[in-house]
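Visitor: Same order as they appear, the protein sequences are chains A and B.
986 is the number that the numbering used here gives to position 288 of the first sequence; each next residue is one higher, with no gaps.
220 is the number that the numbering used here gives to position 219 of the second sequence; each next residue is one higher, with no gaps.
Yeah, the Cβ is synthetic: ideal placement off N, Cα and C, and Gly gets one too.
Pasting a structure below so you can have a look.
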Amino acid sequence: MTQEFETDLISRLYRKIRLVRRMEEVVAEIYPSDKIKSPVHLSIGQEAVSVAFCDPLRRQDVVSMTYRGHAAFLAKGGSPRGMMAELYGKQDGVAHGIAGSMHLVDMENGILGASAVVGTSIPVAVGYAMAIKMRGEDRVVVCFLGDGATEEGVFPESLNFAALHALPILFVCENNGLAIHSPLANRWAQPDLCRRVEGYGVEAHRFEDMNTLVLRAWAEERITAIREGKAAGPVFAECPTYRWLQHVGPTDDHDQDYRDRAEAARWRAADEVERLGAALPAETRAEIDAAVEQTVADAVAFAEASPFPQPGRLNVGAYA
Amino acid sequence: MPETIAYKEALRLGIGRAMREDEDVFLFGLDVDDHLGIQGTTLGLKEEFGAKRVFGTPLSEDAMTGVAIGAAMAGMRPIHTHIRMDFLLLCMNQLVNIAAKAHYMFGGQVKVPMVARGIIGKSWGQGAQHSQGLHSLFMHIPGLRVVAPATPHDAMACMLAAVADDNPVVFVEHRLLYNRQGPVDASAAPSVIGKGRICGEGRDVTIVGISNMLHDALKAAALLKQAKISAEVIDPIWLSPLDIDLIVRSAEKTGRLIVADAAWTACGASAEIVAAVAERVPGTRVARIGFAPTPCPTTPSLEKAFYPDAVSICDAAMALVAPGAAAPPFAALADAMQQDPVFKGPF
């Protein structure tokens, strides 16, 4: 890899991860004002996984994300304006305010709508991948899911079906170790998730830590191989990560003592936003930071200015 | 020219025509591609359309429903088949939380054109879990359509309409309808979504018969002539959207309404129809007829008591139209009539 290419890549990744971080930090700042009247599940601390796996994707490729989906939405090219207006419940949001944070969607940019019922979107992503294969297209689906979703029945059902039909899909588990407040030790009899996944005939890989460049390189190789027909899907990646803030809402909740503060400190010290930023020339980083601030401010201004949907809108669209 | 064929053949005709007319239509579900072909309703389709468009699945009803939804969001038109309606309970999360809501919740960005076929079982010991009529659960949910064709013609025409519609449609079939014969024009137009039909005009009482109960309602109307009662029989065909205007007009004329359903009455289609008519036509005298309020027993002696029939409808009509009057021997008269096609197991 040439130095220049590497700088381009890191710039691009940093631009994305910084955008996700700042959008969510600003959401958290706005939240107490009650302008955003819907639950937000912030991905602060976890952004690297979405950024890494979305980077090799084309616009027409598809991601399926969880209700903690701001990172995947933005990383896949979803509109910051559309997202912020959606969180505000405004007419110009991606779903005219009907979706809110938990059901973000942008089909133009290959972003399947998110579900607030854990695991529910997994088989939907598989069905989308099946349609791609039936039509002989070279698109690829990345299905993000949390560790909790692996406990839902549709997870093994979906793995089995995707493997049976060799579907072009990557399952990416963002394992933050918590289902709301419940740790893995309360939930998994057998902690080796990849072994379980391999039991369904799916190639599985567990990353030891969260390094954007490492994740991205692995993702690119698999995505390209599946796209070019050199390898069959599905594949599975387990990515350890850490939720800095509370399950839902804008604040740190380590004062509630249900999880280890030292662990939080370790993860914060390994912040991928900072690591990528520090790998760039200071001038480049400053330019990106300024541009991101402008994008975020523009998104907020857009959301503030957008009108609320009119009440007549209520009865529009229950049926297509 | 219409040909006389069985309901199950009409279903196959409808599926085949839908697949021929649109290459995005595919058919899947456990055993749709086996040698029995879901009681004949899918026989020959794999041979005609190939294994890519007609394929069996792992049981996994929950995930397979999600797969149908995802494929539909990508522009396909899946027909997902279940050999009993009871198995649709395993699909509830996907149908209710995603399929029904996607178009609205995602701001109109996606459509979910899919059909979920479920067959209500009855008789020959279907028991508690192969006999449920669960259509009202789906009627409750905005975003879903529910259709319950009762004749061979409607089986074909409703299948065409369900597949062509851009919404998820729960397609309610009934095992006892499968061998029922009727005229079907293979080139007939698709059913008009939300349109019911008056199957026999009358003055004194309106009888709405849902799914297989339509035929009990028609039989009851014939029997009631012995009591000089003129019954109007309505087949709603579509339960969601419901042709409530048609039923209201009839109830305005007769002042009496019986709804006979192949399901329980509590919170059921019969309850909904009766309530909707009561709101629009105050003073209508009403009765609901459905399963006994128990799980379905397997033994024939109790199974017979579990199900209402034409005689139950006649008794209800007498109570509404001529309370206290002596009733003709409906049961004996019914026994003397031509008997319905029967079902024999083991499937």
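Only counting the same chain, and skipping five residues up and downstream in sequence, which positions put a Cβ closer than 8 Å to that of Ile728/A?
Guide: Excluding residues within five positions, the ones whose Cβ falls inside 8 Å are Ile734 and Val998.
Visitor: Is Val282/B helix, strand or coil by DSSP?
Guide: If DSSP states are grouped into helix, strand and coil, Val282/B belongs with coil.
Visitor: So, Leu258/B versus Val275/B, is the Cβ gap smaller than 9 Å?
Guide: Contact flag set, yes.
Visitor: To test your reading of the DSSP string, which unbroken beta strand (DSSP E) runs of 3 or more residues are found completely within the segment 726–764 of chain A?
Guide: List check, beta strand (DSSP E) in window: 760–762.
Visitor: What would DSSP say about His36/B, mapped onto helix, strand or coil?
Guide: His36/B falls in the coil class under three-state DSSP.
Visitor: What did DSSP end up calling Glu926/A once you bin it into helix, strand or coil?
Guide: Glu926/A: coil per DSSP, three-state reduction.
Visitor: What would DSSP say about His81/B, mapped onto helix, strand or coil?
Guide: Note: His81/B maps to strand in three-state DSSP.
Visitor: Got a sec? Which residues, its chain only, sit under 7 Å from Leu974/A by beta carbon, not counting five neighbours each side?
Guide: Excluding sequence neighbours, Leu974/A sits near Ile708, Leu711, Tyr712, Ile715 and Thr910.
Visitor: Between the segment 851–876 of chain A and chain B, which residues of the former have a C-beta closer than 8 Å to a C-beta of the latter?
Guide: Cβ contacts with chain B: Gly851, Val852, Glu855, Ser856, Asn858, Phe859 and Leu862.
Visitor: In angstroms with no decimal places, state the Cα-to-Cα distance between Ala149/B and Thr922/A.
Guide: Looking at the two C-alpha atoms, the distance is approximately 47 Å.
Visitor: Looking only at its chain, what residues have a beta carbon closer than 6 Å to the beta carbon of Leu740/A, apart from the 5 residues adjacent to it on each side?
Guide: Here the set comprises Glu722 and Leu943.
Visitor: Can Arg286/B be considered in contact with the ligand FMN, in the sense that its beta carbon sits closer than 8 Å to one or more heavy atoms?
Guide: This structure simply doesn't include the ligand FMN, nor any ligand for that matter.
Visitor: Tell me which residues of the segment 95–117 of chain B have at least one Cβ-Cβ distance to chain A shorter than 8 Å, keeping chain order.
Guide: For the segment 95–117 of chain B, which is checked against every Cβ of chain A, the residues closer than 8 Å are Gln95, Asn98, Ile99, Ala103, His104, Tyr105, Met106, Phe107, Gly108, Gly109, Gln110, Val111, Lys112, Val113 and Pro114.
Visitor: When you compare the CB positions of Val113/B and Ser241/B, do they come within less than 9 Å of one another, or not?
Guide: No, Cβ-Cβ distance for Val113/B and Ser241/B is not below 9 Å.
Visitor: Can you find the residues in the same chain that come closer than 6 Å, C-beta to C-beta, to Met115/B, ignoring five residues on each side of it along the sequence?
Guide: Result list for Met115/B: Ala69, Ala73, Pro79 and Pro169, in chain order.
Visitor: Distance, Cα to Cα, Gly844/A vs Asn874/A?
Guide: Taking the straight line joining both Cα atoms gives about 7 Å.
Visitor: State buried or exposed for Glu24/B, treating a residue as buried only when at least 16 other CB atoms are found within 10 Å of its CB.
Guide: Its Cβ having fewer than 16 others within 10 Å, Glu24/B is exposed.
Visitor: What's the call for Gln954/A, buried or exposed, on a 16-neighbour Cβ count within 10 Å?
Guide: Gln954/A should be labelled exposed.
Visitor: For Ala1029/A, which residues of its own chain have a beta-carbon under 6 Å away from its beta-carbon, when the five flanking residues on both sides are left out?
Guide: Nothing can be reported for residue 1029/A: it is not among the residues displayed for chain A, which extend from 699 to 1018.
Visitor: If you measure from the beta carbon of Leu881/A to each beta carbon in chain B, is any gap under 9 Å?
Guide: Correcting the residue type first, residue 881/A is Pro in the shown sequence and not Leu. Chain B, which has no Cβ nearer than 9 Å to the Cβ of Pro881/A, makes this no.
Visitor: Below 8 Å on the Cβ atoms is my guess for Gly41/B versus Arg13/B; work out the distance and round it to an integer in Å.
Guide: Right, the Cβ-Cβ distance comes to about 7 Å (below 8 Å), so this counts as a contact.
Visitor: Quick check on Val994/A: does DSSP put it in helix, strand or coil?
Guide: Of the three classes helix, strand and coil, the one that applies to Val994/A here is helix, per DSSP.
Visitor: What in chain B is Cβ-close to Ser813/A, meaning under 8 Å?
Guide: Here the neighbours are Asn98 and Ile99.
Visitor: From the DSSP output, which residues share a beta bridge with Val933/A?
Guide: BP columns for Val933/A point to Leu868/A and Glu901/A.
Visitor: Run through chain B and tell me which residues come within less than 8 Å of Thr818/A, C-beta to C-beta.
Guide: Chain B residues near Thr818/A: Gly67, Asn94, Gln95, Asn98 and Ile99.
Visitor: What do you get for Glu850/A, buried or exposed, if any count of 16 or more other CB atoms within 10 angstroms of its CB means buried?
Guide: It is buried - the Cβ of Glu850/A has at least 16 other Cβ atoms within 10 Å.
Visitor: Here's the rule I'm using: 16 or more other beta-carbon atoms within 10 Å means buried, otherwise exposed. How should Gln992/A be labelled?
Guide: Gln992/A is exposed by the Cβ-count criterion.
Visitor: Along the chain, where does the beta strand (DSSP E) that runs through Phe842/A open and close?
Guide: Run containing Phe842/A: Val839 to Gly844, per the beta strand (DSSP E) assignment.
Visitor: Could you work out which residues of chain A lie near Asn168/B, taking near to mean beta carbons separated by less than 8 Å?
Guide: What Asn168/B touches in chain A: Tyr1017 and Ala1018.
Visitor: Using a beta-carbon distance below 9 Å, is His768/A in contact with chain B?
Guide: No, its Cβ sits nowhere closer than 9 Å to a Cβ of chain B.
Visitor: Residues of chain A with CB closer than 8 Å to the CB of Asp63/B, please, in chain order.
Guide: Those are Pro821, Gly851, Val852 and Glu855, listed as they occur along chain A.
Visitor: Which word fits Leu96/B, buried or exposed, when buried means at least 16 other C-beta atoms lie within 10 angstroms of its C-beta?
Guide: Buried: at least 16 other Cβ atoms inside 10 Å.
Visitor: Are the CB atoms of Met828/A and Ala812/A nearer to each other than 9 Å?
Guide: No.
Visitor: Quick one: does His801/A have its CB under 9 Å from some CB of chain B?
Guide: Yes, His801/A counts as interfacial toward chain B.
Visitor: How about Ile120/B and Ile84/B: are their beta carbons less than 9 Å apart?
Guide: Yes, Cβ-Cβ distance for Ile120/B and Ile84/B is below 9 Å.
Visitor: For the segment 890–917 of chain A, enumerate the residues whose C-beta is nearer than 7 Å to any C-beta of chain B, in chain order.
Guide: For the segment 890–917 of chain A, which is checked against every Cβ of chain B, not one residue is closer than 7 Å.
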